[in-house]
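Some notes on the structure that comes next.
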Amino acid sequence: MDGVPGLTQCEIPPGETFTYNFTVPDQVGSFWYHSHSKGQYMDGMRGAFIIHDPENPYADQYDEEIIVNLSEWYHDNITTLTKSFLNVFNPTGAEPIPQTLLMNGFMNGTIDVKPDTTYLIRLINVGGFVSQYFNIEDHNLTVIAVDGIYVEPNETETIYITVAQRYDLLLKTKSDTSRNYAVTQLTDMDMLDIPTIITANVTNNLQYDASNGWPEDVDVDFEDFLDDFWLTPLDDFEVYDDYDHRITLDVVMDNLNDGVNYAFFNNITYTTPKVPALGTVLSAPNDTVSLQQAIYGSNTHSFVLQKDEIVEIVLNNNDTGKHPFHLHGHAFQVVERGPDYGDEPEPISYNESAPYTPREKPLVRDVLYARPQSYFVIRFKADNPGVWFFHCHIEWHLLQGLAVTLIEDPAGIRANETALPEDWKDSCNACGGYVGNAANNSVDFFNLAGENVQVVNLPAGFTTKGIVALVFSCISGFLGCAAIGVYGMADIPNMEEKVIQDLDIDERKLLEEMDDPDNVEESNSSSGRFSDDGANGKRFSDDVNTTSKRYSDDTNPIQEYHELDDVDKKS
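Rendered as structure tokens:
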């Protein structure tokens, strides 16, 4: 198990304790831990998890280690942001825009270094949304591992790192300590729908000497970054040239009947079951039942994998955005990756019959991003019995449901069953139970009545409400056009002349007064009254004392108004 609610355990209730006791037999390198519930890790429930290798092939090439965690940061907490994100008033599914970027929990942080020293930098993107470019001014970075997999050394100036990815880098410092250098983080702005309020470019400090002061911002060519696809694993391994079990997943973002924007694999948006899938595996009446995909729920999007079969996942990204996907329980071989079709009118799906040249030693890692409107193909061997998540690691998209469940070797899970910890049972009892199918039915495992399911699809065509809204919109439009037409046909000049006559205004005298070049003249009164002129209706009587103003060219009231308006805008 690895702690995903709905898969390997239930959520830990508030105020309760849960102990994770596990052994790591064959993994080394840079990893991280985080909450997998309701996006909580974006508020800070996360950290680096480093497994040192006693047989590290690069151990003699560096002197010290530095952990560098990258992330974005929001000024509001995840609960508040989720309410506005998964909302009918956000029908396009625009992700909340972070306010800034952090390095090791700080904006504008510092990395202290010594001269003539080689450092192993463990670079980890612990964020929940944006990919970042990472660059150290006037220093090269040598990649020696990705996601815990050693690779042949590859030198670069700039690293492109998605959320959840890890890079091990060698950094050789200079002999001269007379200045400090900029450590630059830059947001991948292509991932933002509304990129106007974020502090997208953050300068940190590679500090040789504190007395040197803060480094100046630098211009970095972020178009020239390391393409991880061409990294070559250092160790030899079996290359999976073919597959036994193919899973094809088509990514779509769309709305359901509640107006909220969701994320889909093959038209299914992941919905958490009432019983965690591991509980369903262990409580099934026999191995045969545990192999049945249906018992794990209609909307968990579960796939049952047989022991040791080679599994191929073909992912077609029909969305115009990038998506970093993470596979729990395995590192996978990257068989093929499609070009960036972001500007194409239609997405391009994987075509097995199209020729391609397989790599002799393909890239191996556990997080890979899908390019916009493109695809990738990965393979792994089902040799690790367990219940594993495959999901987009943009936390907003996981909240939208972009995930599938892999039930790997259920018989092997059952055969290796150990006593379930009491805190595991306690947390599930507090949440509804851990025995039965996805609907919490332990009597009939094939009866899923009452299971958690996704919101129903939007109805085809027009609903009654839609028809009514359309009719009234059309009526309003016709009335608006009619009003414009009536006004346009009105005899406006003659109407103005009639108003002047009704008010008994001497038009010639009024025009002469307006042309008078004298400055302002005023006569004030405190009252005025109406008299009744039978022929002309209501009008001002001759004995009304009025207040009048006239302006010369240098005291134009309109000019004065605009000057005041400009002052308001500046202030």
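Just so we're aligned, residue 1 is where the sequence shown starts under the UniProt record's numbering, counting upward by one.
A virtual CB, placed ideally from N, CA and C, is assigned to each residue, including glycine.
It should be emphasised that the depicted structure is a prediction, and the values quoted were computed from it without experimental measurement.
For residue j and residue i, believed in contact at Cβ under 8 Å, the rounded distance
i           : j    : result
I66         : I111 : 6 Å
Y240        : R379 : 4 Å
S427        : I12  : 5 Å
N104        : T162 : Wrong, their Cβ atoms sit about 19 Å apart, outside the cutoff.
L186        : L141 : With 8 Å as the limit, L186 and L141 do not qualify as a contact, their Cβ atoms being about 15 Å apart.
A382        : L305 : 4 Å
residue 589 : I394 : Shown here, the chain extends from 1 to 571; a query on residue 589 therefore has no answer.
Y62         : M42  : Rounded, the Cβ-Cβ distance is 32 Å, inconsistent with contact.
Neighbourhood of residue i by C-beta distance below 8 Å, restricted to the same chain and skipping five residues each side
i    : result
A331 : D147, G148, I149, V364, R365, D366 and F380
L192 : E95, I97, V130 and I198
A294 : F446 and L448
L256 : Y262, T269, Q454, V455, V456, N457 and L458
Bounding residues of the alpha helix (DSSP H) (the contiguous stretch that carries residue i)
i    : result
A411 : P410 to A415
L81  : I78 to F85
E422 : E422 to C431
E395 : E395 to L399
T118 : Segment T118 to N125 is the beta strand (DSSP E) holding T118; no alpha helix (DSSP H) there.
D112 : Per DSSP, D112 belongs to no alpha helix (DSSP H); it is in the beta strand (DSSP E), T110 to D112.
T288 : D287 to S290
Distance, residue j Cα to residue i Cα
i           : j    : result
A535        : L503 : Bear in mind that a pLDDT of 42 at A535, under 50, signals an unreliable position, so the number given afterwards is only what the model happens to contain. A535 and L503: Cα-Cα distance of roughly 11 Å.
N108        : N204 : 4 Å
G480        : Y487 : 11 Å
N299        : M253 : 16 Å
F540        : I505 : The predicted model places F540 with a pLDDT of 39, which falls under 50 and marks its position as unreliable, so this point remains unresolved.
E360        : D224 : 25 Å
Y130        : D188 : Reading off the sequence shown, one finds Val at residue 130, where the question assumed Tyr. Rounded to whole angstroms, V130 to D188 spans 7 Å at the Cα level.
D157        : F31  : Reading off the sequence, residue 157 comes out as Glu, not Asp. Whole-angstrom Cα-Cα distance: 23 Å.
Y551        : E513 : Residue confidence for Y551 is low, a pLDDT of 41 falling below 50, so the modelled location carries little weight and cannot support an answer.
residue 573 : P54  : Nothing about residue 573 can be reported from this structure: the residues present for the chain run from 1 to 571 only.
T8          : W388 : 8 Å
L448        : G436 : 10 Å
C392        : T117 : 38 Å
F478        : T92  : 30 Å
S442        : S283 : 8 Å
G15         : P5   : 17 Å
Q27         : G329 : 11 Å
A164        : A59  : 24 Å
M45         : F106 : 15 Å
CB contact flag (residue i, residue j, <8 Å)
i    : j    : result
I413 : F303 : no
F376 : E312 : no
E95  : F85  : yes
P98  : V151 : no
T184 : N135 : yes
V202 : L368 : no
N416 : P385 : yes
D340 : S374 : yes
A438 : K274 : yes
L231 : N154 : yes
N90  : N261 : yes
V251 : L315 : yes
I78  : K38  : yes
R166 : L120 : no
F265 : L399 : no
L327 : F237 : no
G3   : H36  : yes
Close beta carbons around residue i, own chain, < 6 Å, minus the five adjacent residues each side
i    : result
N212 : R179 and N180
H397 : A263
A182 : E137, T203, P215 and V218
G297 : P273, A438 and E451
H245 : E309 and V311
A277 : L7, Y296, V387 and T405
Y20  : none
Host beta strand (DSSP E) of residue i (start-end)
i    : result
M489 : Premise fails: M489 lies in the alpha helix (DSSP H), T464 to M489, not in any beta strand (DSSP E).
G47  : R46 to I51
S302 : S302 to L305
V281 : V281 -> not in any beta strand (DSSP E); alpha helix (DSSP H) instead, spanning A277 to S283.
E223 : That residue, E223, is in no beta strand (DSSP E); it is neither H nor E in DSSP.
S71  : E64 to W73
M103 : T100 to M103
H36  : Here H36 belongs to no beta strand (DSSP E), and DSSP marks it neither H nor E.
M253 : H245 to N255
P91  : Careful: P91 lies outside any beta strand (DSSP E) and carries neither H nor E.
P324 : H323 to L327
Other residues of its chain near residue i: CB distance less than 7 Å, five sequence neighbours each side excluded
i    : result
D228 : V146 and L363
G47  : W32 and Y33
F18  : I12, D423 and S427
8 Å Cβ cutoff, residue i in contact with chain C
i    : result
E346 : Going by chain labels, chain C is absent from the structure shown, which holds only one protein chain.
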